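Take 14 as the starting number for the sequence shown in the numbering used here and just add one per residue.
Notes to accompany the following structure.
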Amino acid sequence: MGRGRATSRWSELCGHLTGSLCRGGCAASQVRKPEPQLGDLIEIFRPFYRHWAIYVGNGYVVHLAPPSEIPGAGAASVMSALTDKAIVKKELLYDVAGTDRYRVNNKHDGRYPPLPPSKIVQRAEELVGQEVLYKLTSENCEHFVNELRYGIARSDQVRDAVMMAGVAGVGLAALGFIGVMLSRNKRQKQ
Numbered sequence: 014m015g016r017g018r019a020t021s022r023w024s025e026l027c028g029h030l031t032g033s034l035c036r037g038g039c040a041a042s043q044v045r046k047p048e049p050q051l052g053d054l055i056e057i058f059r060p061f062y063r064h065w066a067i068y069v070g071n072g073y074v075v076h077l078a079p080p081s082e083i084p085g086a087g088a089a090s091v092m093s094a095l096t097d098k099a100i101v102k103k104e105l106l107y108d109v110a111g112t113d114r115y116r117v118n119n120k121h122d123g124r125y126p127p128l129p130p131s132k133i134v135q136r137a138e139e140l141v142g143q144e145v146l147y148k149l150t151s152e153n154c155e156h157f158v159n160e161l162r163y164g165i166a167r168s169d170q171v172r173d174a175v176m177m178a179g180v181a182g183v184g185l186a187a188l189g190f191i192g193v194m195l196s197r198n199k200r201q202k203q
């Protein structure tokens, strides 16, 4: 009888702990994180890319969403990259992230001084509802939030993709050159 009571108490404590650690339904990928601060950059891990938003308080973020962007859309939202317009939206972070993992990532704070949080939030909220130009390579959600936080529009995803394409191109060219040289060498021996 004493053991049953101890087991019950243990289950109750574990249930309370997991309930306090989880948001919504409890899944390992949804462990509660510390509350973001005003003006923080939020990186959302979509299946094939990173979506970015800026925290404006009370659980809300402002983000650049192509018209087809559905909160929590995941892979389907990749198709939104084919449009040239976007809407600035203010939505709950929980809804924007959906089932995707997210984190605070003020990755350029060491390089660029962030604007004051009140200024970041003011600038972000003034844009809510506006339709803006959207270009995957020069005016995407990462450019948008970096412009709001630092006053500098930049996207490391785009830079990294261009660098990877360049490295792949150089690698293919080198393989082609080696292939030609081996072929030429083989012909000379015959």
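Each residue gets a CB set at the ideal place from its N, CA and C atoms; glycine is no exception.
Quick caveat, the model's predicted, so the values are computed rather than measured.
Check	Outcome
Where Phe58 sits in the DSSP three-state scheme	strand
Buried versus exposed call for Arg162 [16 or more other C-beta atoms within 10 Å across all chains shown]	buried
For Ile165, the nearest candidate out of Trp65, Pro127, Arg63, Ile55 (CA to CA)	Pro127
Contact with chain B by Ile133, beta-carbon distance below 8 Å	No chain B is present in this structure, which holds just one protein chain.
Sequence-distant residues of its chain with Cβ nearer than 8 Å to Glu160 (five each side left out)	Ala166
heavy atom of the ligand ZN below 7 Å from Pro49 C-beta	You won't find the ligand ZN in this model; it holds no ligand whatsoever.
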